[in-house]
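Visitor:
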Amino acid sequence: MKIRTMKRTLLLPAGIFLFIITPLYAQQFDLLIQNGKIVDGSGNSWFYGDVAVKDGKIVKIGKSKSWTAKKTIDAKGLIVAPGFIDVHTHIEGNDLKVPTAGNFIMDGVTSVVTGNCGGSNPDVARYFKQLDSVKTSINVATLIGHNTVRLQVMGGGQRDPSADEQRKMEELVAKAMKAGAVGLSTGLIYVPGTYSKTPEVVGLAKAASQYNGVYASHIRDEGDFVTEAIEEAINIGRQANIPVEISHFKVTYKPNWGKSLGTVAQVEKARQEGIDVTMDQYPYVASSTTLNTQIPTWALSGGMDSLKIRLKNPTVRAKIKLEVLENLKKKRITSYSFAIVAYYAADTTYNGKNIAEVNLLKKRKPILTEEAETVLEMVENGSAAMIYFSMNEDDLKRIMQYPFNMFASDAGIARYGSGMPHPRAYGTNARVLGQYVRVMKVIPLEEAVRRMTSLPAQKFQLRDRGLLREGLAADVVIFDESKVGDQATFVKPHAYSSGFQYVIVNGQVVVENGKHTGVRSGEVLRGLGWVGSGQ
């Protein structure tokens, strides 16, 4: 066997040169992962090998008894994979308060994309400086939110932008892209994004496209008009010449169950046309958002103060309530038992109870008209974070099998033990690997890992992540495929996933033997439009 060598030249007295032959493989690495079953993120079959890390990078993948390192991990019997990339998160707020991000790290996540659903930090450059200063355990990329930009320029009103306002919004998007944002996000069911028309969004998407961005959308409807909402997202991508990511892809409420046959086909048709459309999904049949989504959007115009004024007017209140009930009737809903309170600041004893139960606590009759009144009262008193059971398992599995679908939590950084968050905050990836790969065999292990790693890295152009390759960042997860699984439930959501033995971020061990080390080695991940610190 030919041994690779490198030459070192020493300068001796009288100009004599001496060449010393040093084996290249004799160098010492910072970290060596040995004997692992490598699933490299490409979708290819696993293989046995070792991974050597130095200065935060993967420098060698292969097998060699001569490799040495300051720290060695024996991964025998374990899967070694790239760190997972969660493309749909909402970490703003707790990112600076809980920088260790335990719920993500303990689920194998090493990088996140935040700023989704139209809501982001308004000053991307300043936000990145804060993250650089605080240091998190996870790597962070961000989108610039349409709702955030619209509020800055237009406030919360229900109207179209003037030409000058449209220009200002596009300038803010361009500024964010140059500061390192990876694209534009929309939340077209939320105020004020819901008031926008397609041409407005196209203009902002074009601004993001100029800097190689992605258009990530919480589409306008996920129920009765889901087909039209998907078509709008595709059309925005077509007009703006920008890749499209459809967020938390689903079909909601019983009358629409089964529509995934058509919605997945819509995406595939667009891809065959040459439009870069992908989607993400969380592996649960319940969604999570605010109680305000039960209220007609016109009533939310102008913000909470305006809504409270409307609710104090008996005639307007009756109109709002009637629309709430008509919407429930269309969805064939006869009880608010499908809606569980995750967090209600006005009365935390409601946390974990469904609206029907809260209604009974208020000594009201167990009928939908009374439950709707309870909803209005809770919104009036500051609203609540909610969990809605509205999806079907067959649709979930059908969407999961689509090869251009990745997995994402749609969660923020959780404060362990605080509130009743959706269990996806803790268990998204582990649930896929345990329930849908190992138990139900909906997709193979290598394919699941590809969807968690190289597919999101490719989509959001995180060029040094997502694969186990020499020269790329050393973001690595090591887990037991026979034990990995989610432990968080809707009743007890604060529970870390099982089976993840090691998590490595930029070459630093953040989880060791299933325990968070407290290391905060995450980095800011800037988009391709970033123009540097001078901007």
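Position in the sequence shown counted from 1, then plus 31, gives you the working numbering.
Glycine is no exception: its CB is placed at the ideal position from the N, C-alpha and C atoms.
These numbers come from a predicted model, not from an experiment.
Please report how far the alpha carbon of Gly516 lies from the alpha carbon of Asp138, in whole angstroms.
Guide: In this structure, the straight-line span from the alpha carbon of Gly516 to that of Asp138 is close to 9 Å.
Visitor: What three-state label does DSSP hand Thr548 in the structure shown?
Guide: Three-state result, Thr548: coil.
Visitor: Since Phe60 and Val84 should fall inside the 8 Å C-beta cutoff, what is the C-beta to C-beta distance between them, to a whole number of angstroms?
Guide: 6 Å
Visitor: Give the secondary structure of Ile509 by DSSP, where H, G and I count as helix, E and B as strand, and everything else as coil.
Guide: strand
Visitor: Among Val90, Val508 and Ile474, whose alpha-carbon lies nearest the alpha-carbon of Gly502?
Guide: Val90
Visitor: Which of the three DSSP states is assigned to Glu123 in this structure?
Guide: coil
Visitor: How would you call Ser513, buried or exposed, if buried means at least 16 neighbouring beta carbons within 10 angstroms?
Guide: exposed
Visitor: Under a three-way DSSP split, which group does Ile52 fall into?
Guide: Here Ile52 scores only 42 on pLDDT, less than 50, and its place in the model is too uncertain to base an answer on.
Visitor: Tell me the rounded alpha-carbon separation between Val550 and Lys166.
Guide: 9 Å
Visitor: For the beta strand (DSSP E) containing His249, name the first residue and the last one.
Guide: Val245 to His249
Visitor: With burial defined as no fewer than 16 other Cβ atoms inside 10 Å of the residue's Cβ, what is the status of Gly563: buried or exposed?
Guide: exposed
Visitor: Taking the alpha-carbon positions, what's the Val82 to Lys300 distance?
Guide: Using only the alpha carbons, I get a separation of about 40 Å.
Visitor: Which of helix, strand or coil does DSSP assign to Val316?
Guide: DSSP places Val316 in coil when its eight states are reduced to three.
Visitor: Quick check on the DSSP output: the beta strand (DSSP E) that includes Lys275 runs from which residue to which?
Guide: Inspection of the sequence shows that residue 275 is occupied by Val rather than by Lys. Here the beta strand (DSSP E) through Val275 covers Val275 to Ile277.
Visitor: Taking a contact to mean a Cβ-Cβ separation below 9 Å, would you say Ala236 touches Leu219 in this structure?
Guide: no
Visitor: So what does Gly72 bridge to, in DSSP terms?
Guide: Paired residue(s): none; Gly72 is not in a bridge.
Visitor: Based on Cα-Cα distance, which residue from Ala442, Ala238 and Ile430 lies nearest to Gly289?
Guide: Ile430
Visitor: Any C-beta of chain C sitting closer than 9 Å to the C-beta of Cys148?
Guide: In the displayed structure, chain C is absent; only one protein chain is listed.
Visitor: Leaving out five residues before and five after Val540 in sequence, what residues of the same chain have Cβ atoms less than 7 Å from its Cβ?
Guide: Tyr533, Thr548 and Val550
Visitor: For Leu407 and Lys206, what's the separation of their Cα atoms in angstroms?
Guide: 39 Å
Visitor: Kindly list the residues whose CB is nearer than 6 Å to the CB of Val463, restricted to its own chain and excluding five residues on each side of it in sequence; keep chain order.
Guide: Pro314, Phe438 and Ala479
Visitor: Tell me which same chain residues have a C-beta within less than 7 Å of the C-beta of Pro130, skipping the five on either side of it?
Guide: Cβ neighbours of Pro130 beyond the five flanking positions: Val165, Lys166, Thr167, Ser168 and Arg551.
Visitor: Hey, how far is the Cα of Ala210 from the Cα of Tyr367?
Guide: The straight-line gap separating the alpha-carbon atoms of Ala210 and Tyr367 is approximately 44 Å.
Visitor: Considering only DSSP beta bridges, list what Thr309 is partnered with.
Guide: For Thr309, which the question treats as bridged, DSSP gives the partners Glu276.
Visitor: Considering only C-alpha positions, which residue in the set Val204, Glu196, Ile371 and Met185 is nearest to Asp154?
Guide: Val204
Visitor: Taking 8 Å as the cut-off, is the CB of Leu219 close to at least one heavy atom of the ligand FMN?
Guide: In the structure shown, the ligand FMN is absent, as is every other ligand, since no ligand is present at all.
Visitor: Take Thr106 as the anchor and find which of Pro327, Thr379, Gly530 and Val118 has the nearest alpha-carbon.
Guide: In the sequence under discussion, the amino acid at residue 106 is Ala, which differs from the Thr named in the question. Out of Pro327, Thr379, Gly530 and Val118, Gly530 has the C-alpha closest to the C-alpha of Ala106.
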